[in-house]
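J.:
There are 2 protein chains.
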Amino acid sequence: MSEDGGVPTRVRILDTAERMLQVRGYNGFSYGDVAEELGITRAALHYHFKSKAELGQALIERYAARFSAALDALDETAPDAAAKLRGYADLYLDVLRHDLMCLCGMLAAEYRTLPEPLQASVSAFFDTNTSWLRGVLEQGGAEGSLRLLGSPDDVAAMVLGGLEGAMLITRLDGDVARFSAAADRLLNGLVPA
Amino acid sequence: MSEDGGVPTRVRILDTAERMLQVRGYNGFSYGDVAEELGITRAALHYHFKSKAELGQALIERYAARFSAALDALDETAPDAAAKLRGYADLYLDVLRHDLMCLCGMLAAEYRTLPEPLQASVSAFFDTNTSWLRGVLEQGGAEGSLRLLGSPDDVAAMVLGGLEGAMLITRLDGDVARFSAAADRLLNGLVPA
DNA sequence: GTCTATACAGCGATAGAC
DNA sequence: GTCTATCGCTGTATAGAC
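Chains A and B are the protein sequences, given in the same order.
Everything in the first sequence is counted per my numbering, starting at 288 for the first residue and increasing by one.
Everything in the second sequence is counted per my numbering, starting at 288 for the first residue and increasing by one.
As C-alpha cells, this is what we get:
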C-alpha cells in the first residue's frame with residue numbers, strides 16, 4: 288500500500304524538500320532528511336535529482352514559476368495599481384501563514400554558499416519581482432492611485448525588502464498579525480492622503 | 288614570529304568567525320574554516336570555545352553588546368527622534384558597506400536549525416531593537432519630529448523589517464546606493480510634510 | 001595554549017543487483 | 001524505480017602529549 292496518493296515521487300520529493308528549504312535553509316537539510324521523511328533511500332533520491340544543486344535548481348524554478356503566475360493573475364484581476372500592491376503583499380502573507388520563509392529570501396541569506404547556477408536563479412527571481420513592482424508603481428503614479436515620493440526603483444526596493452525582512456523577523460515569534468500591520472503601514476505610505 | 292599583532296587568540300577567533308557567520312551563515316562555516324584561516328588546529332579552537340554553539344553564543348553576545356552601545360550613543364548625541372532614526376539606519380549601512388549581513392538577521396533565517404540558547408539570544412536581540420525603536424517613535428510623536436500613521440509597535444516592526452530585508456536583498460548585487468535610497472524612502476514616510 | 005591522533009556520525013555521490 | 005553497499009570527505013568533539 289503506497290501512501291503516495293497517486294502523486295509522482297518526483298513531485299513528492301519537491302514538495303518535501305521545498306518545505307525543508309523554506310524552514311531550515313539550503314545548508315540546513317540533507318538528502319537523508321528528505322529520504323527519511325518520504326520513506327525511501329538517498330540513492331532513490333539521486334535517481335530523480337542527480338545532485339543536491341540540481342534539486343535546488345528545480346525548487347527555485349518551480350517556486351519562481353508559481354510566483355510569476357500569481358503576478359500574472361494580479362495583473363488580470365486587480366482593478367488598479369494600489370490593489371495590485373495589496374495582492375502582492377498577500378502573497379507574502381500566505382507563505383507566512385504556513386510558517387514558512389520565502390524560498391528565495393532564505394536562499395538570499397545563504398547566497399554566498401550557493402553553487403553559481405543557484406545564485407543566478409535567485410538573482411533572477413528578485414529581478415523579476417523588482418521589475419513587476421516598478422511597473423505597478425509607474426502605473427499607480429500615472430493613474431493617480433499611488434503617490435511615490437521617490438523613484439520607482441527605490442520604492443520597489445523598499446517594498447520588496449520591507450516584505451522580505453518583515454517575513455524574516457516575524458517567523459521568530461509567528462506574530463502574523465504584526466506582519467500584516469507592518470505591511471499595511473508600508474503600503475499605506477504609498478496611498479494618496 | 289606570530290602574526291597576531293598582540294590580539295588574544297580568543298578575540299582573533301571571534302573576529303574571524305563573526306565575519307564568516309555574517310557572510311555564510313551559521314550552517315555555512317565550520318571549525319575547520321576558522322582554524323585554517325587563523326593557522327591553528329581545530330583542537331586549539333575547541334580549547335577556547337568548547338563547542339560551536341558556545342562560539343555562536345559568544346558571537347551573538349558581543350554583537351548585541353556593540354549594537355546596544357551604538358543605540359546608547361545615539362540616545363546621547365542625536366538632537367531628536369528623527370535624527371535617532373537616521374542614525375539607526377546608518378548602523379545598518381555601515382554593516383552593508385563591509386559587504387556583510389546583520390549577524391542576527393542571518394541567524395533569523397537559520398533560526399529553526401539553531402540550538403535553543405542561540406534562538407533565545409537572537410530573539411532577545413530583536414526585542415531590544417524593537418523596544419528601542421518603539422521608544423524613539425513615541426518620542427518623535429510627542430515632540431512632533433515624527434508622524435507615525437500607525438501604532439509605534441507596528442511602525443517599529445516596519446522599520447526593523449524594512450532595514451533587515453533591504454540588507455538581505457542588497458547583498459545579492461552589492462548596490463549600497465539603492466539600499467540607502469530605499470532606507471531614506473522608508474524613513475521619509477515618517478517625517479512630517 | 002597548541003599540537004597529533006582519533007573517534008564517530010553525517011554528508012553527497014556512485015555502482016550494480018533486483 | 002528502488003534497493004544495498006560502499007566510497008571519500010567533512011563535520012564536531014575528545015584524549016593525551018608537549
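The beta carbon of each residue, even a glycine, is placed where N, CA and C say it ideally should be.
Under 8 Å between the Cβ atoms of residue 374/A and residue 454/A?
T.: Not in contact: residue 374/A and residue 454/A (Cβ atoms no closer than 8 Å).
J.: Hey, how far is the Cα of residue 316/A from the Cα of residue 414/A?
T.: C-alpha separation (whole angstroms): 27 Å.
J.: Between 302/A, 473/A, 354/A and 362/A, which has its C-alpha nearest residue 437/B's C-alpha?
T.: For residue 437/B, the nearest C-alpha among the options comes from 473/A.
J.: What residues in the stretch 441-453 of chain B have a beta carbon less than 8 Å from any beta carbon of chain A?
T.: Against chain A - using a Cβ distance shorter than 8 Å - the residues of the stretch 441-453 of chain B are 441, 442, 444, 445, 447, 448, 449, 450, 451, 452 and 453.
J.: Would you mind working out which of 293/A, 297/A, 295/A and 321/A sits nearest residue 304/A, comparing C-alpha positions?
T.: With distances taken between Cα atoms, residue 304/A lies closest to 321/A.
J.: Taking the C-alpha atoms as reference points, what is the distance between residue 489/A and residue 295/A?
T.: The first residue shown for chain A is 288 and the last is 480, placing residue 489/A beyond what the model contains.
J.: Can you pull out the residues from the stretch 391-412 of chain A whose beta carbon lies closer than 9 Å to at least one beta carbon of chain B?
T.: Answer set for the stretch 391-412 of chain A: 392, 393, 395, 396, 397, 398, 399, 400, 406, 409 and 410.
J.: Give, in chain order, every residue of the stretch 297-324 of chain A whose Cβ lies closer than 8 Å to some Cβ of chain B.
T.: Under the 8 Å Cβ criterion, the stretch 297-324 of chain A contributes 310, 311, 312, 314 and 315.
J.: Taking Cβ-Cβ distances shorter than 9 Å, what residues in chain B pair up with residue 427/A?
T.: Within 9 Å Cβ-Cβ: nothing; residue 427/A doesn't reach chain B, min ~15 Å.
J.: So, does the CB of residue 288/A fall closer than 8 Å to a CB anywhere in chain B?
T.: Confidence in residue 288/A is poor, its pLDDT being 49 and thus under 50, which makes the residue's placement unreliable; the coordinate value appears in the next sentence. Judged by the 8 Å Cβ criterion, residue 288/A is not in contact with chain B.
J.: For residue 451/A, count neighbouring Cβ atoms within 10 angstroms of its own Cβ and tell me buried if that reaches 16, exposed if not.
T.: Buried: at least 16 other Cβ atoms inside 10 Å.
J.: If we call anything under 8 Å between Cβ atoms a contact, is residue 384/B one with residue 463/B?
T.: Taking 8 Å as the Cβ cut-off, residue 384/B and residue 463/B qualify as a contacting pair.
J.: Shorter than 8 Å from the beta carbon of residue 422/B to some beta carbon of chain A?
T.: Answer no: the Cβ-Cβ gap between residue 422/B and chain A never drops below 8 Å.
J.: For residue 458/A, go through chain B and note every residue whose CB falls closer than 9 Å to its CB, in chain order.
T.: Chain B residues near residue 458/A: 395, 396, 398 and 399.
J.: Less than 8 Å between CB atoms is the rule here; does residue 469/B satisfy it with respect to chain A?
T.: Closer than 8 Å to some Cβ of chain A, the Cβ of residue 469/B qualifies, so yes.
J.: For residue 427/A, tell me which candidate among 416/A, 412/A and 443/A has the shortest Cα-Cα distance.
T.: Of the candidates 416/A, 412/A and 443/A, the one whose C-alpha sits nearest the C-alpha of residue 427/A is 443/A.
J.: State the DSSP-derived secondary structure class of residue 446/B, mapped to helix, strand or coil.
T.: Here residue 446/B sits in helix by DSSP.
J.: Give a yes or no on whether 8 Å exceeds the smallest Cβ distance from residue 378/A to chain B.
T.: Taking Cβ atoms only, chain B never reaches closer than 8 Å to residue 378/A, which makes this a no.
J.: Here's the rule: buried if 16 or more other CB atoms are within 10 angstroms of the residue's CB, otherwise exposed. What is residue 441/A?
T.: That one is buried.
J.: For residue 387/A, return the contacting residues in chain B, with the cut-off set at a CB-CB distance below 9 Å.
T.: Here the premise fails: no neighbours, minimum Cβ distance about 10 Å.
J.: Below 9 Å on C-beta distance, what does residue 437/A contact in chain B?
T.: Near residue 437/A (Cβ distances below 9 Å), the residues of chain B are 468, 469, 471, 472 and 475.
J.: So, at 8 Å on beta carbons, what are the nonlocal neighbours of residue 344/A in its own chain, with the 5 sequence-adjacent residues on each side left out?
T.: The residues are 404, 405 and 408.
J.: Between residue 432/A and residue 368/A, is the Cβ-Cβ spacing less than 8 Å?
T.: For residue 432/A and residue 368/A, yes; Cβs fall inside 8 Å.
J.: Does residue 455/B have its Cβ less than 8 Å from a Cβ in chain A?
T.: Yes - at least one Cβ of chain A is within 8 Å of the one on residue 455/B.
J.: Answer yes or no: do residue 332/A and residue 318/A have a C-beta to C-beta separation smaller than 8 Å?
T.: Cβ distance < 8 Å, so residue 332/A and residue 318/A count as in contact.
J.: Going straight from the alpha carbon of residue 382/B to that of residue 388/B, what length do you get?
T.: If I take the Cα positions, the gap works out to 7 Å.
J.: Quick one: give me the first and last residue of the alpha helix (DSSP H) that residue 379/B is part of.
T.: Its alpha helix (DSSP H) spans residues 368-384.
J.: Just the Cα atoms here: how many angstroms apart are residue 420/A and residue 372/A?
T.: Going by the C-alpha atoms only, they are around 8 Å apart.
J.: If you count every other CB in all the chains shown that lies within 10 Å of the CB of residue 468/B, and 16 or more means buried, which is it?
T.: It is buried - the Cβ of residue 468/B has at least 16 other Cβ atoms within 10 Å.
J.: Put residue 328/A into one of helix, strand or coil per three-state DSSP.
T.: Coil, per DSSP.
J.: State the Cα-Cα distance for the pair residue 470/A and residue 379/A, rounded to the nearest angstrom.
T.: Each residue's alpha carbon lies about 10 Å from the other.
J.: Verify the CB distance criterion: does residue 465/B have a CB-CB separation below 8 Å to chain A?
T.: For residue 465/B, the answer is yes, since a Cβ of chain A falls inside 8 Å of its Cβ.
J.: What number of angstroms, rounded off, separates the C-alpha of residue 410/A from the C-alpha of residue 313/A?
T.: Their Cα atoms are separated by approximately 16 Å.
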